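Residue numbers (full-length UniProt numbering): 1 to 263.
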């Protein structure tokens, strides 16, 4: 555990909240999943304090993710242009599309990255010089250190150490979660955690059948510093620019997450 987590005020969540937080692992409504121990909510170092409005850059992220996850390449093209116009760097755009392979699969991720290449080249041909951005500031840890770092990140995002009979039945799935998703991916600091959650929410909203995970990531979004007002804005942006079903799923998930968190 990091010193900040060890110093955090520990308390017990109710059973319903604990189960909800456990969904942050992507397990959905799996019986027996509980957060054994919760920590007081904190804002990770690589996120900004809560605000009531998304920046122009942030507004583009859920749309990029939603169109990537649904395979809507023409509208993905528009969303990528919107994001780059709003100040999203090329590195950040790439990172969003790479991360989302974990939710939408390698084929859609690869197709979206190919489209980003076309967008960047087309903009360059028009004389637009987009900011390249930066790569992660440090190499990813390996071995046991990677697992330990991933476990810390997992705990901060889910609100507590999560245990489940599923992990006893198939221990490798939690090893992948801790080492790869929360380790390899979330340790890459060229994209902040709020942007990562905005991308995840957009992708899951565009994925029928992923409603439990979408609800959990609405809650995770608040845990990493996004406000209820910003998440309502996400639902409004999806209602305006994406399909009605996508916006409906996002709105319902936010309502349920707010109820579960007591907001």
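Think of the CB as a built atom: it goes at the ideal place given N, C-alpha and C, for glycine as much as any other residue.
The model shown is predicted, which means the values in this text are computed figures rather than measured ones.
Where residue i falls, given that 16 or more other Cβ within 10 Å makes a residue buried
i	result
residue 54	buried
residue 197	buried
residue 129	exposed
residue 106	exposed
residue 110	exposed
residue 262	exposed
residue 167	buried
Residue i and residue j closer than 9 Å at C-beta
i	j	result
residue 194	residue 147	no
residue 63	residue 83	yes
residue 150	residue 61	no
residue 75	residue 242	yes
residue 191	residue 250	no
residue 89	residue 134	yes
residue 68	residue 96	yes
Residue i - DSSP class collapsed to helix/strand/coil
i	result
residue 224	coil
residue 250	helix
residue 160	strand
residue 135	coil
residue 129	coil
residue 186	coil
residue 105	coil
residue 257	helix
residue 243	coil
residue 216	helix
Span separating the alpha-carbon of residue i from that of residue j
i	j	result
residue 161	residue 183	15 Å
residue 101	residue 126	30 Å
residue 39	residue 176	Bear in mind that a pLDDT of 36 at residue 39, under 50, signals an unreliable position, so the number given afterwards is only what the model happens to contain. Whole-angstrom Cα-Cα distance: 23 Å.
Below-9 Å beta-carbon distance, residue i vs any chain C residue
i	result
residue 152	Absent from the structure is chain C; it holds one protein chain and no more.
Residue ranges of each alpha helix (DSSP H) run of no fewer than 4 residues wholly in the stretch 43-86, ordered along the chain? 56-70, 73-85
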